[in-house]
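> Handing you this structure, nothing more for now.
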């Protein structure tokens, strides 16, 4: 009976919320051309929430977009936990406060994942977002696996095989 009550409260809390990755972010992380909704019009995408998203060594931050679909902001709490290999990563930081209100217009926020470069490891991270309305609240857990290298990753080198003559624009 207790579980039934909890399940009934779940949609009420998130009924007016969107949380997603933009198409640019999905392309950057997964190479796919689509938005990835974790919550769309209050409907939770449990499949997406259970997927551990790999974060390559060349990517040092994650971007999430959210929006309260009510006429008022929804209260939230955010937490970022390094679950494994904490020696490979400095504490993650957010560009928003850990407590506040989900805005009524779409807003993108960022989680920085700075590697220490002291050791190579796959670092498991859980980003927890708790959203509440009145007496009910729901926590979403976004799972990530960040690749940290012992040395800083080198930027990709572009080799241009076409001969190029110097022009005044190059000087």
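In full-length UniProt numbering, the protein residues as written are 1 to 171. The C-beta atom is built at its ideal place from N, Cα and C for all residues, glycine as well.
Can you give the beta carbon distance from residue 125 to residue 110, rounded, assuming they're within the 8 Å contact cut?
Counting from 1 along the chain shown, the entry for residue 125 is found at position 125. Counting from 1 along the chain shown, the entry for residue 110 is found at position 110. With a Cβ gap of about 14 Å, residue 125 and residue 110 do not count as contacting.
> I want to know whether the stretch 121 to 137 touches the stretch 72 to 80 - three or more CB-CB distances under 8 Å.
A contact exists between the stretch 121 to 137 and the stretch 72 to 80.
> So, using beta-carbon positions, are residue 137 and residue 103 closer together than 8 Å?
Counted from its first residue, the chain shown places residue 137 at position 137. Counted from its first residue, the chain shown places residue 103 at position 103. Not a contact, by the Cβ cut-off of 8 Å.
> Is the stretch 35 to 44 close to the stretch 17 to 25, with three or more CB pairs under 8 Å?
They touch, by the three-pair rule.
> In whole angstroms, give me the CA-to-CA distance for residue 120 and residue 71.
As a first step, residue 120 must be located in the chain shown, where it is residue number 120. As a first step, residue 71 must be located in the chain shown, where it is residue number 71. Answer to the nearest angstrom: the Cα atoms are 46 Å apart.
> Measuring straight from C-alpha to C-alpha, what distance separates residue 107 and residue 117?
On the chain shown, residue 107 is found 107 positions in, with the first residue counted as 1. On the chain shown, residue 117 is found 117 positions in, with the first residue counted as 1. Their backbone Cα atoms lie some 31 Å apart in a straight line.
> Buried or exposed for residue 133, going by 16 or more other Cβ atoms inside 10 Å?
Taking the first residue of the chain shown as position 1, residue 133 is located at position 133. Looking at its Cβ environment, which holds 16 or more other Cβ atoms inside 10 Å, residue 133 is buried.
> Taking only runs of the beta strand (DSSP E) that begin and end inside the UniProt domain "WIF" (19 to 148), which ones reach a length of at least 3 residues, in chain order?
Counting only runs of 3 or more, we get 36 to 40, 53 to 55, 61 to 68, 74 to 82, 99 to 102, 107 to 112, 121 to 133, 136 to 148.
> With distances taken between CB atoms, is the gap from residue 147 to residue 56 smaller than 8 Å?
By 1-based counting over the chain shown, the position of residue 147 is 147. By 1-based counting over the chain shown, the position of residue 56 is 56. Taking 8 Å as the Cβ cut-off, residue 147 and residue 56 qualify as a contacting pair.
> One question on the structure: do residue 59 and residue 29 come within less than 8 Å of each other, judged by their Cβ atoms?
Position 59 of the chain shown, counted from the start, is the residue given in the question as residue 59. Position 29 of the chain shown, counted from the start, is the residue given in the question as residue 29. In contact: residue 59 and residue 29 (Cβ atoms closer than 8 Å).
> Inspect the beta-carbon positions of residue 122 and residue 85 and report whether they are closer than 8 Å.
For this step, residue 122 is matched to residue 122 along the chain shown. For this step, residue 85 is matched to residue 85 along the chain shown. Yes.
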